[in-house]
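Taking the numbering used here, the leading residue of the sequence shown gets 136, the next gets one more, and so forth.
Backbone N, C-alpha and C define an ideal beta-carbon position, used for all residues, glycine too.
Heads up: the structure comes next, in structure tokens.
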Amino acid sequence: MNRLIFIILLFLSFGVKAQILRQNQQIAPDESALAIQYYQDADYEKAVVLLAKLFAKPNNDGYFDLYFNSLMRLKQYDLAEKIIKKAMRQSPQNDAYPIALGKLYQEKGDVQAANKIFNEVISKLTKDEFKIRNLANNFYRFENYDYAVLTFKQGRKLLGNDQLFTYELLNIYRFKKDKPMLMQEYLDALATMPQVLAQAEAILPMIFEDKADYQTFQTAILRKVQKEPDAEIYIQLLTWNYIQQQEFDMALRQLIAFDKRTKADGGTLFNAIYTFVDNGAYETAIKAYDYLLTKGKDNQYYLPSKIELLNTKYNLQTTGKYQLADLDLLAKDYQTLLDENGKNKTTLFAIKKLANLQAYYLNQAPKAEKGLEEALQIPGINAQDIGQLKLDLGDIYILTNQPWEAFLVYEQVSKQFEGQPIGNEARFRSAKLSFYQGNFEYSNGQCLILKAATSQLIANDALNLSLLISDNIQTPADSNALKMYADAEMLLFRNLPILAVKKLDSIAITYPGNGLTDATMMSKAKIFIKAADYQKAADILKKLTDDFKDGIWTDDALFTLADLYEKKLNDIAQAKIYFQKLITDYPGSMFSAEARKRFRNLRGDGV
136 MNRLIFIILL FLSFGVKAQI LRQNQQIAPD ESALAIQYYQ DADYEKAVVL LAKLFAKPNN
196 DGYFDLYFNS LMRLKQYDLA EKIIKKAMRQ SPQNDAYPIA LGKLYQEKGD VQAANKIFNE
256 VISKLTKDEF KIRNLANNFY RFENYDYAVL TFKQGRKLLG NDQLFTYELL NIYRFKKDKP
316 MLMQEYLDAL ATMPQVLAQA EAILPMIFED KADYQTFQTA ILRKVQKEPD AEIYIQLLTW
376 NYIQQQEFDM ALRQLIAFDK RTKADGGTLF NAIYTFVDNG AYETAIKAYD YLLTKGKDNQ
436 YYLPSKIELL NTKYNLQTTG KYQLADLDLL AKDYQTLLDE NGKNKTTLFA IKKLANLQAY
496 YLNQAPKAEK GLEEALQIPG INAQDIGQLK LDLGDIYILT NQPWEAFLVY EQVSKQFEGQ
556 PIGNEARFRS AKLSFYQGNF EYSNGQCLIL KAATSQLIAN DALNLSLLIS DNIQTPADSN
616 ALKMYADAEM LLFRNLPILA VKKLDSIAIT YPGNGLTDAT MMSKAKIFIK AADYQKAADI
676 LKKLTDDFKD GIWTDDALFT LADLYEKKLN DIAQAKIYFQ KLITDYPGSM FSAEARKRFR
736 NLRGDGV
């Protein structure tokens, strides 16, 4: 528990005790409340007068902390010592009083006397877990964290259990930012408490300051691995530690070594590969899947690895600058998978990925169209998958210059799934098609309907498109500029980013003073993100958020910028700044809830 939480609990506890005291002793509620108010306002001279009166009543320990702290703030040490010693005589079993006395001696600079008291209290501990916890909490209560630690450690010895008080010690080490002890406590706990792994992975990045901390931790983990080579939990932690340092191949090396040493089935490695993919380490993931495939077709991870290998290659080769030859080979690999396993509902993913490659990368849209039309005839496919296939087919109809066919397919799905997310998506795609064609009034009408969609993302996209249209059709020049922007969006839809950027840049030249500057900036940022040019995208987004504080795209830009800093540019400090700005300046944004969640996670709340 951190200090703030402790103080809150202290006041809650005090409130209950004070209420009981008032009932038993006829203390005026306003007198007690006034004392607390003075204390909260740091008016200790007034607070101490009332607290002295309240504390003088029998059964008065509920007011002790406030009275003691007030005396400390006023440096009335002699009076405080007199009151504490009297309380110790009256309640010798209450170890909060000697700890308060030690705290007083510390404040006066007599550390030796304070430590003598603290050590005596600890030496009197018995094999009573409740009393051990109570004593440690009292040390914590008076901000003596080192002795709280000593109390818990003595409690472990007395009770003969080194796993007791783990969470309490972790919280204290975290609060103190005692990195060596925090590392050691996690390592010691993991062998019997693997559930703390997730907490360790969340907490340590907030405590570690640089790569040296991760390397120190790495050395400690390796010592554990040497002592317990078959303990999977330490391999998982070591893998995570390497990933934090972007050393993906080292993580893979450890996982493969563990798999071979334990003669495992590859399950630990297979599950770890998702982390590589999430971090964009596609090449390392591909090596991992290649290793799993060497286990043979009888291994339970053979087919899943083959499938994920293709999907990982797809992610790698369609991110950033791609080579057509590599994509052509990938398309052939998907085709081989379909030839070996047939076209059925379990290989539907491969049909869709192959169609996507053909349509948007290999200039083979007619093949993609035929593949998806055939996929619609596969028996056993559920309605949602059929609806999604139709949406993908509608997109390809646009590429093959059949906009009317695309419109019909979108309308079909929209009506079949009225009010459902996939139905709303179909309506939005229809609106975008009309936008590409320059039919702005119809597109805007569809968007206005979608503003009430249950899907927040669709509703937000529809609102943005509606505002974009409404703000840029006021004059013929505005409309013509918007048509150029729609052309650029169409080029982007067709996966022609270079031509799209050229078109976007030409808008300001052809129609100076147009109202599309923030929209063009947002579009260019998305293009650079897809091309893996994250810094260039971040620069554009920062300018957008600075220059267009009331723009349509500003909240979107802030969230995208924060996401880039967190996941791609590895700058947590900047990520927190932009998540916080979004939360503070745009509380009504659809991104604010997710931003708040991400911000709290980065800050370590609730862990």
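Assignment of alpha helix (DSSP H) within the stretch 491 to 573, counting only whole runs of 4 or more residues, yields 500 to 510, 518 to 534, 538 to 551, 556 to 571 in chain order.
Where Phe253 is concerned, the enclosing alpha helix (DSSP H) starts and stops at 246 to 258. With respect to Ala666, Lys456 sits close: the two C-beta atoms are nearer than 8 angstroms. A distance below 8 angstroms separates the beta carbons of Glu560 and Leu526. Pairing Tyr369 with Leu438 gives a Cβ-Cβ distance that is not under 8 angstroms.
With contact defined as three or more Cβ pairs closer than 8 angstroms, the stretch 505 to 517 and the stretch 461 to 470 are not in contact. A contact is defined here as three or more CB-CB pairs under 8 angstroms, and the stretch 390 to 400 fails this definition with respect to the stretch 707 to 716. Our two residues, Asn498 and Thr397, have alpha carbons roughly 48 angstroms apart in a direct line. The DSSP-derived three-state label of Pro315 is helix. Close CB contacts of Leu603 within its chain, under the 7 angstroms cut and outside five residues either way in sequence, are with Ala654, Ile687 (chain order). Judged by DSSP in its simplified three-state form, Gln228 adopts coil rather than helix or strand. The DSSP-derived three-state label of Met341 is helix. Distance from the CA atom of Glu242 to the CA atom of Asp230, rounded to whole angstroms, is 19 angstroms. For the stretch 392 to 448, the full-length alpha helix (DSSP H) segments reaching 4 residues or more read 402 to 413, 417 to 428 along the chain. With respect to the C-alpha of Gln379, the residue from Ala416, Asp463, Gln493 having the closest C-alpha is Ala416. By a beta-carbon distance limit of 8 angstroms, Phe203 contacts Ala235. Their separation comes to about 6 angstroms. The Cβ-Cβ distance between Glu166 and Leu185 falls below 8 angstroms.
The alpha-carbon of Tyr577 is positioned some 17 angstroms away from that of Asn615.
Contact between Val544 and Tyr532 holds, with the beta-carbon distance rounding to 7 angstroms and staying under 8 angstroms.
Rounded to the nearest whole angstrom, the CA to CA distance from Asp691 to Ile593 is 13 angstroms. Judged by beta-carbon spacing, Leu317 lies within the 8 angstroms limit of Ile342, meaning their Cβ atoms are closer than that value. Nearest to Leu534 by alpha-carbon distance, out of Asp245, Leu189, Thr454, Ala500, is Ala500.
Less than 8 angstroms separates the beta-carbon of Thr447 from that of Tyr424. Note that the C-beta distance between Thr680 and Leu693 is below 8 angstroms.
In this structure, Leu676 sits away from Ala710, with a CB-CB distance that is not shorter than 8 angstroms. When C-beta atoms of the stretch 479 to 487 are compared with those of the stretch 514 to 530, three or more pairs fall below 8 angstroms, so the two segments count as touching. Within its own chain, the residues whose Cβ lies closer than 8 angstroms to the Cβ of Leu260, once the five positions on either side in sequence are excluded, are Lys266, Ile267, Leu270, Thr286, Gln289, Gly290, Leu293, listed in chain order.
Burial is judged here by how many other beta carbons sit within 10 angstroms of a residue's own beta carbon; Arg309 has at least 16 and is buried. Less than 8 angstroms divides the Cβ of Tyr571 from the Cβ of Ala621. Going by beta carbons, Gly522 and Ile486 fall outside the 8 angstroms limit. The C-beta of Glu180 has fewer than 16 other C-beta atoms within 10 Å across all chains shown, which makes the residue exposed. Non-local C-beta neighbours of Gln609 in its own chain, meaning closer than 6 angstroms and more than five positions away in sequence, are absent. Note on geometry: alpha-carbon atoms of Leu631 and Leu617 lie some 19 angstroms from one another. With at least 16 other beta carbons inside 10 angstroms of its own, Trp375 counts as buried.
If the five residues before and after Leu373 are omitted, its C-beta is found closer than 6 angstroms to the C-beta atoms of Ile356, Gln389, all from its own chain and listed in chain order.
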